[in-house]
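Peer 1: Numbering (our numbering), first residue to last: 3 to 477.
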């Protein structure tokens, strides 16, 4: 799993909070380096920040790659406030920071006082639950125990409610469930329990895009303006963007359209009112800041637009496209975009980063970016169908979606699917996050392993999925 680096822009006008302070000499030394790093990031001095790194870190992340990460990723993640030292364990200082979601900063030093590890992750409360979560994991086999070691640590940490894990390993399917579908209802999730899968939906959209190519309805290199209303297509800043670039996040379109805020009437449903009219209104005024195809920037808007284009091409709703071209051929009948009343009763209740119960998101024109709901059984089937051994009815579409279309050595992307570039095996993966769920689907082509993780908590269930894949690869 790659480290995630960040920038902070407070310039220490907002001081570190004093609820708890480093006390030992080592903690204080580490704290001093953290403050210097944050100062350099705040002033966009990535070169100066790199001088604080030790040789181990530099060997893992060369200078130019560090600069690229800072310039292309770090400087856009702001502001961060209320920086609080939480604890130090095994030489690693941990800080909590407020942002769009709570984050934790981890940093450790080598023997020369240079940093050897630096990471930013979703904040995780390390407090252990007093009453441990229920599970159907029998813990008999090495695989069972490997799964349990990681999931037990996750589910029995404060703030996490439920999790369903599905694994394909050595030709067999395995299912494990932990916790509850709703806090305190004492109902263990099952392999048919539904969860929002969030951005894993983007791989479904990529499959639909690949189908349109195989069906000779489009070319990946077609300009998106070919499929837009004339009043939108006249915008020259859109005319060089291709369908492929919408799917691999190199279109130059932002993560979210700025006018989406004006459509929100319920803060718990940010996508509910964002329709074609609003989307096209944004695109009419869009001004490019870089050439399409050259830079990776994750974009929900781009994939949402791709879904709208596919709806236009096939004359079907996104819901119907998923049903007709993916769910029915694969016989994954619990995978849906819109839930009926019975489905809603089977949907795990989601909990946000404040541990509050929140509703499942409702989508209109952004559906292709994150509207799919599924269960661990269906998601495992979908993951297995990515492997050539299964002779999937979607094989031609999958093989196209798996071909790399962009690689800047930081991000390697096919259509929708992202590669784990620091894994010796060929691994395709995509995580998902909504207001109340975190999910992950990993497919190891080399070893024929599939891992699907679905959780009803807005914590770090996606990271759990990556850890499980790495652990199973080592068995």
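All residues carry an ideal CB built from backbone N, CA and C; glycine is no exception.
Can you list the beta strand (DSSP E) stretches of 3 or more residues lying completely in the segment 165-246, in chain order?
Peer 2: List check, beta strand (DSSP E) in window: 174-181.
Peer 1: From residue 107 to residue 414, what distance separates their C-alpha atoms?
Peer 2: Distance between the alpha carbons of residue 107 and residue 414 is about 25 angstroms.
Peer 1: Would DSSP call residue 284 helix, strand or coil?
Peer 2: Looking at residue 284 - three-state DSSP - the assignment turns out to be helix.
Peer 1: Please return the same chain residues whose Cβ sits closer than 7 angstroms to the Cβ of residue 473, not counting the five positions on each side in sequence.
Peer 2: These residues qualify, in order along the chain: 148, 152.
Peer 1: Any idea which residues DSSP pairs residue 115 with across the strands?
Peer 2: Answer by DSSP bridge pairing: none, since residue 115 is not bridged.
Peer 1: Do residue 196 and residue 336 have their CB atoms nearer than 9 angstroms?
Peer 2: Closer than 9 angstroms, so yes.
Peer 1: So, does the CB of residue 403 fall closer than 9 angstroms to a CB anywhere in chain B?
Peer 2: No chain B appears in the structure shown, which is made up of a single protein chain.
Peer 1: Would you check if the distance between the CB atom of residue 517 and the CB atom of residue 105 is smaller than 9 angstroms?
Peer 2: Residue 517 lies beyond the stretch modelled for the chain, which goes from 3 to 477, so this question has no answer here.
Peer 1: Rounded to the nearest angstrom, what separates residue 390 and residue 342 at their Cα positions?
Peer 2: Answer to the nearest angstrom: the Cα atoms are 34 angstroms apart.
Peer 1: Threshold first: 4 residues or longer. Then list the alpha helix (DSSP H) segments lying entirely within the segment 255-341, N to C.
Peer 2: Complete alpha helix (DSSP H) runs here, min 4: 278-287, 302-316, 320-324.
Peer 1: By Cβ distance below 7 angstroms, which residues in the same chain neighbour residue 405 in space, the five residues on each side in sequence not counted?
Peer 2: Answer for residue 405: 416, listed in chain order.
Peer 1: Quick check for students: name the residue ranges of the alpha helix (DSSP H) that lie wholly in the segment 392-454, counting only runs of 4 or more.
Peer 2: Taking only runs of at least 4 residues, the alpha helix (DSSP H) segments lying wholly in the segment 392-454 are 397-404.
Peer 1: Is residue 255 near residue 288, with beta carbons less than 9 angstroms apart?
Peer 2: Yes, the Cβ-Cβ distance between residue 255 and residue 288 is below 9 angstroms.
Peer 1: Quick one, which of 382, 347, 440 has its alpha-carbon nearest residue 450's?
Peer 2: Of 382, 347, 440, the residue nearest in Cα terms is 382.
Peer 1: Note down, in chain order, each residue of its chain lying with its Cβ closer than 6 angstroms to the Cβ of residue 234, except the 5 sequence neighbours on either side.
Peer 2: Hits under 6 angstroms: 282, 285, 286.
Peer 1: Look at the alpha carbon of residue 462 and the alpha carbon of residue 440, and state the distance between them as a whole number of angstroms.
Peer 2: In a straight line, the C-alpha of residue 462 is about 7 angstroms away from that of residue 440.
Peer 1: Relative to the C-alpha of residue 401, which residue among 407, 388, 410, 392 is closest?
Peer 2: Answer by Cα proximity: 388.
Peer 1: Taking Cβ positions, are residue 244 and residue 211 nearer each other than 9 angstroms?
Peer 2: Cβ distance not < 9 angstroms, so residue 244 and residue 211 don't count as in contact.
Peer 1: Let's see if you can read the secondary structure: which residues bound the alpha helix (DSSP H) around residue 74?
Peer 2: Residue 74 -> alpha helix (DSSP H) spans 65-74.
Peer 1: Taking three-plus beta-carbon pairs below 8 angstroms as touching, is the segment 432-448 in contact with the segment 344-362?
Peer 2: These segments touch.
Peer 1: Compare the beta carbon distance of residue 201 and residue 306 with 9 angstroms and say whether it is the shorter of the two.
Peer 2: No. Outside cutoff.
Peer 1: Are there 16 or more other CB atoms within 10 angstroms of the CB of residue 209, so buried, or fewer, so exposed?
Peer 2: Residue 209 is buried by the Cβ-count criterion.
Peer 1: Quick one: using the 10 Å Cβ neighbour count with 16 as the cut-off for buried, is residue 65 buried or exposed?
Peer 2: It counts as exposed.
Peer 1: Would DSSP call residue 365 helix, strand or coil?
Peer 2: Correct three-state label for residue 365: coil.
Peer 1: Might you give, ordered along the chain, the residues of its own chain that have their beta carbon closer than 8 angstroms to the beta carbon of residue 31, omitting 5 neighbours on each side?
Peer 2: So the qualifying residues of the chain are 111, 115.
Peer 1: Tell me where the beta strand (DSSP E) around residue 83 begins and ends.
Peer 2: From DSSP, the beta strand (DSSP E) with residue 83 extends over 83-91.
Peer 1: Tell me, to the nearest whole angstrom, how far the beta carbon of residue 252 is from that of residue 295; I am working on the premise that it is less than 8 angstroms.
Peer 2: At roughly 5 angstroms, the Cβ-Cβ gap stays under 8 angstroms, so residue 252 and residue 295 are in contact.
Peer 1: Quick one, are the C-beta atoms of residue 122 and residue 412 less than 9 angstroms apart?
Peer 2: No. Outside cutoff.
Peer 1: Please report the distance separating the alpha-carbon of residue 330 from that of residue 193.
Peer 2: In a straight line, the C-alpha of residue 330 is about 19 angstroms away from that of residue 193.
Peer 1: How close, in whole Å, do the beta carbons of residue 442 and residue 464 come, if the pair is a contact with beta carbons under 8 angstroms?
Peer 2: That belief holds up - the Cβ atoms of residue 442 and residue 464 are roughly 4 angstroms apart, short of 8 angstroms.
Peer 1: So, for residue 17: in the same chain, excluding its five sequence neighbours on each side, which residues have a beta-carbon less than 7 angstroms away from its beta-carbon?
Peer 2: Low local confidence applies: a pLDDT of 36 at residue 17 is under 50, so the model's placement there is unreliable, with the coordinate-based value given in what follows. Closer than 7 angstroms at the Cβ level, and outside the excluded window around residue 17, lies no residue.
Peer 1: Helix or strand or just coil, what does DSSP make of residue 464?
Peer 2: Helix at residue 464.
Peer 1: Quick check on residue 173: buried or exposed, where buried means 16 or more other Cβ atoms within 10 Å of its Cβ?
Peer 2: Its Cβ having fewer than 16 others within 10 Å, residue 173 is exposed.
Peer 1: In terms of alpha-carbon separation, which member of 339, 103, 315 lies closest to residue 325?
Peer 2: Of the candidates 339, 103, 315, the one whose C-alpha sits nearest the C-alpha of residue 325 is 339.
Peer 1: Going by the beta-carbon positions, is the gap between residue 163 and residue 459 smaller than 9 angstroms?
Peer 2: Yes. Within cutoff.
Peer 1: My output table needs one value for residue 474: the three-state DSSP class, helix, strand or coil.
Peer 2: Note: residue 474 maps to helix in three-state DSSP.
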